[in-house]
Amino acid sequence: MKKLLSIIGVFGLTITAATSVVACGGGSSETFEIVFVPSNSTTTLLKTVKPLEEKLETQLKEKAKERNTTFNKKVKVSVSTSYEAAGQSLKAGKADIGFVPVATYNSYKGELINSGNYAGTYSNLGILSQASRAGIITEFDKDITKPNSKVDAKVSLDVAKEYNKNILNKIENTKSISDIKDMYLSKEEDQTVAYYRSYIYINNSYLLEEIEKNNWSNGFENWTDAEYKNNIKKMIEDNGNAFAFGSSKTSSAGTLNPLLWLKNVLGYENSELKEIYESTLTKQGSYPEAAKAVANGTVKFAVGFSDIRGELPDFAESKDLFKKTTVIGLGEQIINDGIVYSRKRIQDSDFLSDVRESFVDLVKDPENKKIFDVYNHSGYVVPKDSENAISWEASQDQNIQDTTTAAEEMKALIKDWK
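For reference, each letter of the sequence shown is one residue, going -23 to -1, 1 to 395 in mature numbering (1 follows the signal peptide of the UniProt record, and there is no 0).
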């Protein structure tokens, strides 16, 4: 496998039945609406999470019965047309809960409540649960899983090289999608994490071509930190529109953190970032689409969580993607996607507790693994009881504020970029 960087753009989402895909929701008092952001193809994602309707409905009925009350709504899942549409749907009270990244939550959470029972939380959206996920083996090996771990050129290069080495050593022995994921995801119970990262992928043939064209005879694996930065920048600047981003400006792994990686690891100024961003001819659709596009050479570079190549349902195709692409770098930690709720739709603290406990129970059941694997969620952290729920939410909001300052500044910077 060969290596190098830049980011992607590829195609828009394929939209399926209008009842399954929402622009900003249609909310009903007769239904409990769950919205998912389109991180995968709409058809694949909807098919995978559809069983959640019956499973969650059963859980909520049982928990309501335990409280001597009833839950009579139908649970309905949908996939939004964009990250922004999901946030707007929740803000407007047209969906009850949503699976969204922290940057989308930040965009639609509303105003800070400074006093009263909800002090420290926000007016539009609340935090239902904090997700945990299996950690990346290489990140534990390189000791960059601690909250204060920082990524510079040396770390980005070293982790990328080790990550690729691990993949090369294991890929030929894989027989299934499960084997694919086991190459990079830890199975150790004490190696779950509350974050993810944006990884940078490159087409192998393109990397080889650039190495030969520029006489970089020592190859990616042997680059110094300075060569790493300079060579990647040259490739970006020599191939303007080959560098693209996700279609959503609030996507942490698709847009904001890749831009921060370009700025903080490679050293680009804001004006240069704008030029790179606006030179993009295409925008990235779902992450599996991005993985396929960079593997077949439609685009030269792609971005997404680790590992977007393992998100395809077809084993042979997924394996082929790993053989045709390489990780060239990675960004800073991004707080895990969580489940958030609409304050316009849910005010009952006891019912909110039921929903939280239901997801904790569901994610523990091995039969439901496929559902929660759509976002690589392996567990959920929730308040211990309904009495401390608001203070728990406030502490989560404070943590988000403390750890997303740079991403929020980047989001404000690119707001009017084309």
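Backbone N, C-alpha and C fix where the C-beta goes; we use that ideal spot for every residue, glycine too.
Host beta strand (DSSP E) of residue i (start-end)
| i | result |
| --- | --- |
| Ile11 | Thr8 to Phe13 |
| Leu102 | Leu102 to Ala111 |
| Val317 | Gly315 to Ser319 |
Element boundaries [alpha helix (DSSP H), containing residue i]
| i | result |
| --- | --- |
| Gly64 | Tyr60 to Lys68 |
| Phe76 | First-last for Phe76: Ile74 to Val77, but that is the beta strand (DSSP E), not the alpha helix (DSSP H). |
| Lys347 | Lys346 to Phe349 |
| Ser368 | Ala366 to Thr380 |
| Tyr357 | No alpha helix (DSSP H) contains Tyr357, which is instead part of the beta strand (DSSP E) from Gly356 to Val358. |
| Leu134 | Ala130 to Lys147 |
| Glu43 | Leu29 to Glu43 |
| Arg333 | Ser326 to Lys341 |
| Thr25 | Thr19 to Val26 |
Spatial distance of residue i from residue j (CA atoms)
| i | j | result |
| --- | --- | --- |
| Phe282 | Asn45 | 43 Å |
| Gln310 | Phe220 | 22 Å |
| Glu385 | Phe76 | 19 Å |
| Glu30 | Ser335 | 12 Å |
| Asn150 | Lys142 | 14 Å |
| Glu61 | Ser133 | 30 Å |
| Asn101 | Asn365 | 20 Å |
| Leu339 | Lys277 | 39 Å |
| Gly3 | Ala72 | In this prediction, Gly3 scores a pLDDT of 48, lower than 50, which makes its location untrustworthy; the coordinate-derived value is nonetheless stated afterwards. Using only the alpha carbons, I get a separation of about 8 Å. |
| Lys240 | Leu250 | 7 Å |
| residue 396 | Pro360 | Because the chain here runs from -23 to 395, residue 396 falls outside it and cannot be looked at. |
| Ala230 | Lys388 | 12 Å |
| Tyr140 | Phe299 | 12 Å |
| Val128 | Asp325 | 42 Å |
| Phe222 | Glu43 | 48 Å |
| Ile157 | Ala111 | 14 Å |
| Val(-2) | Ser16 | Residue placement at Val(-2) cannot be trusted, given a pLDDT of 44 that sits under 50; what the coordinates show is reported in the next sentence. Computed Cα separation, rounded: 14 Å. |
| Ser163 | Ile114 | 5 Å |
| Glu165 | Asp120 | 15 Å |
| Asn376 | Asn216 | 39 Å |
| Thr232 | Val280 | 8 Å |
| Thr227 | Ser84 | 8 Å |
| Leu23 | Leu390 | 33 Å |
| Tyr245 | Tyr173 | 23 Å |
| Arg32 | Tyr205 | One point to set straight first is that residue 32 is Lys, not Arg, in the sequence displayed. If I take the Cα positions, the gap works out to 49 Å. |
| Lys395 | Tyr183 | 27 Å |
| Asp393 | Ser55 | 29 Å |
| Leu185 | Val304 | 14 Å |
| Ser155 | Ser355 | 15 Å |
| Asn207 | Asn181 | 19 Å |
| Trp369 | Ala96 | 11 Å |
| Asn146 | Met160 | 9 Å |
| residue 396 | Ala203 | Summary: the structure shown does not reach residue 396, with the chain confined to residues -23 through 395, and so no result is reported for it. |
| Lys79 | Val337 | Inspection of the sequence shows that residue 79 is occupied by Val rather than by Lys. Distance between the alpha carbons of Val79 and Val337: 20 Å. |
| Ser248 | Leu237 | 13 Å |
Sheet register partners of residue i (DSSP bridge)
| i | result |
| --- | --- |
| Gly262 | Answer by DSSP bridge pairing: none, since Gly262 is not bridged. |
| Val280 | Ile177 |
| Leu307 | Tyr176 |
| Val271 | In DSSP, Val271 forms no bridge with anything. |
| Lys53 | Glu10 |
| residue 401 | The displayed coordinates of the chain run from -23 to 395. Any statement about residue 401 would go beyond what the structure contains. |
| Leu162 | Ile113 |
| Ile209 | Beta-bridge pairing links Ile209 to no other residue. |
| Tyr99 | Leu89 |
| Gly231 | Bridge partners of Gly231: none, in fact. |
| Ile312 | Tyr172 |
| Gly244 | DSSP output for Gly244 lists no bridge partner at all. |
| Gly223 | Gln261 |
Whole-number beta carbon distance between residue j and residue i, since they are thought to touch under 8 Å
| i | j | result |
| --- | --- | --- |
| Ile177 | Pro235 | 7 Å |
| Ala41 | Thr47 | 5 Å |
| Arg286 | Thr302 | 7 Å |
| Lys50 | Glu7 | 6 Å |
| Leu307 | Ser225 | Leu307 to Ser225, Cβ: 20 Å. No contact. |
| Tyr99 | Asp350 | About 29 Å separates the two Cβ atoms, so there is no contact after all. |
| Ile213 | Ile253 | 6 Å |
| Glu187 | Lys138 | 17 Å between Cβ atoms; not a contact. |
| Ile367 | Asn94 | 6 Å |
| Val242 | Ala130 | 5 Å |
| Asp297 | Ala272 | 7 Å |
| Thr81 | Gly70 | With a Cβ gap of about 16 Å, Thr81 and Gly70 do not count as contacting. |
| Ile11 | Lys53 | 7 Å |
| Phe9 | Ser57 | So it is not a contact: roughly 16 Å between Cβ atoms. |
| Thr25 | Ile348 | 6 Å |
At least three beta-carbon pairs within less than 8 Å, the segment 313 to 331 to the segment 101 to 116
yes
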